[in-house]
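Please read the structure below before turning to the comments.
There are 2 protein chains.
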Amino acid sequence: MGREDRKRPATLRTIAQSAGVDVSTVSRVLNGSPEDAARAASRETADAIREWAARLDYRPNPHAKSLRTQRSNLVGVLVPRLSDVVLATIYEGIEDAAARHGFATFVMNSHDRPDEQRARTELALSRRVDGLVFGDAHHDGGFVDEIAQRRIPFVLVSRHAGGHPSVTCDDYRGGRLVAAHFLERGHRRTAVIAGEPFASTGIDRTAGFVDRYREEGLDVATVHSRFDTAGGHQAAEQLLTEVEPTAIFAVNDFAAIGALGAVRDARLRPGADVAVAGFNDTPLAAELPVPLTSVRSPMHEMGRRALELLMTVLDGGTPESQRLEPELIVRASTARP
Amino acid sequence: MGREDRKRPATLRTIAQSAGVDVSTVSRVLNGSPEDAARAASRETADAIREWAARLDYRPNPHAKSLRTQRSNLVGVLVPRLSDVVLATIYEGIEDAAARHGFATFVMNSHDRPDEQRARTELALSRRVDGLVFGDAHHDGGFVDEIAQRRIPFVLVSRHAGGHPSVTCDDYRGGRLVAAHFLERGHRRTAVIAGEPFASTGIDRTAGFVDRYREEGLDVATVHSRFDTAGGHQAAEQLLTEVEPTAIFAVNDFAAIGALGAVRDARLRPGADVAVAGFNDTPLAAELPVPLTSVRSPMHEMGRRALELLMTVLDGGTPESQRLEPELIVRASTARP
DNA sequence: CTGAAAGCGCTTACAG
DNA sequence: CTGAAAGCGCTTACAG
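In structure tokens, the structure reads:
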């Protein structure tokens, strides 16, 4: 089954010979714009060419095309971890939109480590991507600033940084929604599991929550954490002993699930004794033993729009950052008994 | 920030001119095998060439190379859904291994739909991938048989089909492990949430479980389901009313989580009243309010090995299918009180 | 040790 | 409406 056994695919030349015309004519008819095609050959010649192409199962060689046009129709996508369902879903949106534009994508994990971000980006660049989508931007913005300076087309998704074009959820507003909900339920001693300090998602969600509480003259305890369940568990344990909050907002569903575990371990009832809310409304949130209140963010849509925004950049347009609306989904984890 | 602004990258010709040698010499030194390089130029010439390459930040143009060599160093990967953490983790293994071999990967979702499998495969082929990894093979094997007939290099991962080269978990054995555990705990009326009927994973896990129980002269109720939480919830609801099992094996953690929800909704205590076990030992399993007993499968390793197996195929070797060992992780969801 | 030449499969001014 | 030619950036027999 070695690769030598497969017979060579049809090329423009094959078709040109079959149809008795020049390759340039075939190119214009098959791969050119409709106007090009119309100008390039008579109806009959064009039809004959198209018929041969179909019969020979012709598919343009993308490498030849890219070499000639200096455009690869490839985009590189960097995410912290693809096994995080939030990023995977955003990526699905990116991939869908890319396919519709005739682009293919390379995804890579950076694990939120600057050295890997750099290495993966260079790898993508050496593969000659036309542009990049970063789902792993750090708020300090050092790395993306550098990419911008090199005039490499890119957009950010999920997290914003340094004023570069981005598509995000309105995380600040999402944080406020949770705070408003907690206030309505009468919680006055609350805490936030704020995630990693370098991610604008965690920063903004926390800020929105804290600001809303400040408006009521109330302070909020905050603690940073990893974005996963173990991180949330650990952070919640600490908060439960040091702060004894009646409600906890974790800036991410996984951290929230970890927090639920910590609440249970402390012999408290999630929802009844300690309210817990998460963010993103991951598919699991609704199915947990104690269903989780969470802020729904349009993950797939965010990915789709980020890719569209990149297309704007590639077409030389002026990209406008977008902030999509979050929606609070209330469930048992924040219901008083 | 249009693409026109970036200055042209260095090429072999740029370097050849700078170093005062022919492009063919530069090619042999920079991109050839070590022996080629040694034979192509004197130490000094070679060093000079390498120095110029570094100074000009030379990166071989992959499109030119692919066009010339008829090899793309690209592989296509098809999965049912990348937002399923199991497939995402397998894909991470594939991607890691691919990068080490100098290959890049395209991933695409097929949603387990034959028309999408076909369309995505053709898309990958039109992008001139050297080979494919299918994580979404259907057990009937119709589609992959066809691909094999076309002599397209490919391997299967996670699911096997039609005797084609594959890397899977020993799912049958995994099913037996769960059965043995349930038997040891004294469960005699049990049920399996078997997943989709077209996936070898669910088929084999179910068969292993059922066979072990048959050896004790006991029958097992089985019901098919989707692989997600909602599917598991629904299947468990049905089983709880119709079969009243004391233990349920769901062939996948998400279905198991859905089953836990159904158990709770029926006012039964997971673990105490009804044991529930899952499969894959997803990161969440350990962190659930009632930690989930699950069969750990080496997902990342499976992906890695699948890619290695594809490399064997591409090198004209004889690929041998592999079945990796599962491991039972016992937690509270199957502990008697 | 080194070079000159051909060609992979396209696109696109240029010419008629 | 159609063609001939050049060239994108590589690799690799062939020749010396």
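Line by line, the protein sequences are chains D and C.
Residues in the first sequence are numbered consecutively from 1, following UniProt numbering.
Residues in the second sequence are numbered consecutively from 1, following UniProt numbering.
All C-beta atoms, glycine included, are put in the ideal place defined by N, C-alpha and C.
Here the structure is a predicted model, which is why all the values come from computation and not from measurement.
Asked, Found
"Chain D contact for L284 of chain C (CB, 8 Å cutoff)", "yes"
"Touching by the beta-carbon criterion (3+ pairs, under 8 Å), the region 80–98 of chain C and the region 34–50 of chain C", "no"
"Exposure of N31 of chain D, with buried meaning 16 or more beta-carbon neighbours within 10 Å", "exposed"
"Integer Cβ distance of V167 of chain C from R305 of chain C, believed to fall under 8 Å", "5 Å"
"Ordered list of beta strand (DSSP E) runs contained in the region 230–311 of chain C, each at least 3 residues", "247–250, 275–280 and 293–296"
"Cross-chain neighbours of V85 of chain D in chain C, by beta carbon under 9 Å", "S83, D84, V85 and A88"
"Cβ shell of L307 of chain D (< 7 Å), same chain only, five flanking positions each side left out", "I94, A97, A98 and V133"
"Where H233 of chain D meets chain C, residues with beta-carbon distance less than 8 Å", "E287"
"Minimum Cβ-Cβ distance from G261 of chain C to chain D less than 8 Å", "yes"
"Segment contact flag, the region 245–262 of chain C with the region 272–290 of chain C, C-beta cutoff 8 Å, min 3 pairs", "yes"
"Chain C contact residues for A72 of chain D, given Cβ-Cβ distances below 8 Å", "A small correction: the amino acid at residue 72 of chain D is Ser; Ala does not occupy that position in the sequence shown. Neighbours of S72 of chain D on chain C, chain order: H63."
"First and last residue of the uninterrupted alpha helix (DSSP H) at G174 of chain D", "D171 to E184"
"Within chain D, partners of S66 of chain C - CB distance below 7 Å", "H63"
"Per-residue contacts from V107 of chain D into chain C (C-beta, under 7 Å)", "V107"
"Cutoff 6 Å; reference R176 of chain D; Cβ partners in own chain excluding five residues on either side", "G208 and R212"
"Y91 of chain D: contacting residues in chain C (beta-carbon distance under 7 Å)", "L82"
"Coil, strand or helix - E116 of chain D by DSSP", "helix"
"Host beta strand (DSSP E) of E327 of chain D (start-end)", "E327 to I329"
"Rounded distance between the beta-carbons of L310 of chain C and V144 of chain C, thought under 8 Å", "Not really, about 14 Å apart at Cβ, beyond 8 Å."
"Rounded separation between L288 of chain D and S333 of chain C - CA only", "14 Å"
"R28 of chain C, buried or exposed, once every other Cβ within 10 Å from all chains shown has been counted against 16", "buried"
"Sub-8 Å separation of F198 of chain D and H160 of chain D beta-carbons", "no"
"Listed by chain order, chain D residues near G258 of chain C by CB distance under 7 Å", "E287"
"Identified DSSP bridge partners for G131 of chain D", "D:V75"
"Nearest to T45 of chain D (by Cα), restricted to the options D:A16, D:L67, D:Q70 and D:S33", "D:A16"
"At least three beta-carbon pairs within less than 8 Å, the region 253–264 of chain D to the region 229–246 of chain C", "no"
"Euclidean distance between Cα positions of G142 of chain C and G186 of chain C", "42 Å"
"For R264 of chain C, the nearest candidate out of D:T282, D:G278, D:R267 and D:P291 (CA to CA)", "D:P291"
"Coil, strand or helix - Q322 of chain C by DSSP", "strand"
"Sequence-distant residues of its chain with Cβ nearer than 6 Å to R323 of chain C (five each side left out)", "T168 and D170"
"As assigned by DSSP and simplified to three states, the class of S110 of chain C", "coil"
"Cutoff 7 Å; reference R59 of chain D; Cβ partners in own chain excluding five residues on either side", "P9"
"Cβ pair V223 of chain C, A194 of chain C closer than 8 Å", "yes"
"Inter-residue Cα distance where the pair is S33 of chain D and K65 of chain C", "28 Å"
"Contact set between the region 210–232 of chain C and chain D, restricted to residues whose Cβ is under 8 Å from the partner", "D228, T229 and A230"
"Helix, strand or coil at T168 of chain D [DSSP, three-state]", "strand"
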